[in-house]
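Numbering (our numbering), first residue to last: 603 to 743. This report refers to the structure that appears directly beneath it.
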């Protein structure tokens, strides 16, 4: 009897700007394409980071079959930039990438984080309600 494979406790968060749909009228398709760009970018930029390697390969070889992503939202560009500033001030750093569309329009943020068993955040993570252990947060869906 073989033991079923399980995924790692790593989760990618993709944080999009709600105003792109509500104020600027972006359709769902382009929003999905931009979130795919953001997710791919953070994996590429941090491909040598141990957490990203674990996310891609899995702790037990399950790899991409066990990937988890959470899509969240923030109100607008200002709140997205505020989140980036807060991420930049953290120690240890959380790997992230802000996806910027031409002509220099910040659209979304993708980041990796580690969840302990049971879905609790670790000391450097953002929980599923968008709250960091230091108390900052952003709007979640």
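Using N, Cα and C, we set each Cβ at its ideal position, and we do this for glycine too.
Burial state of residue 776, where buried means 16 or more other Cβ atoms lie within 10 Å: An answer regarding residue 776 cannot be provided, because it is not within the stretch 603 to 743 covered by the chain.
Reduced DSSP secondary structure (H/G/I, E/B, other) of residue 712: In the chain shown, residue 712 corresponds to position 110, counting from 1. Strand, per DSSP.
Assumed close pair residue 696, residue 685 - CB separation to whole angstroms, cut-off 8 Å: Translated into positions along the chain shown, residue 696 becomes position 94. Translated into positions along the chain shown, residue 685 becomes position 83. About 11 Å separates the two Cβ atoms, so there is no contact after all.
Burial state of residue 615, where buried means 16 or more other Cβ atoms lie within 10 Å: In the chain shown, residue 615 corresponds to position 13, counting from 1. It is buried - the Cβ of residue 615 has at least 16 other Cβ atoms within 10 Å.
Beta-bridge partners of residue 699, as assigned by DSSP: Looking up residue 699 in the chain shown gives position 97. BP columns for residue 699 point to 712.
Local conformation of residue 722 per DSSP, three classes: As a working mapping, residue 722 is identified with position 120 in the chain shown. Because residue 722 sits at a pLDDT of 48, beneath the cut-off of 50, its placement in the model cannot be relied upon, and the following sentence gives the value as read from the coordinates. Coil at residue 722, not helix or strand.
Three-state secondary structure assigned by DSSP to residue 618: Looking up residue 618 in the chain shown gives position 16. Of the three classes helix, strand and coil, the one that applies to residue 618 here is strand, per DSSP.
Three-way DSSP call (helix, strand, coil) for residue 661 in this model: Numbered from 1 along the chain shown, position 59 holds the residue referred to as residue 661. Coil, per DSSP.
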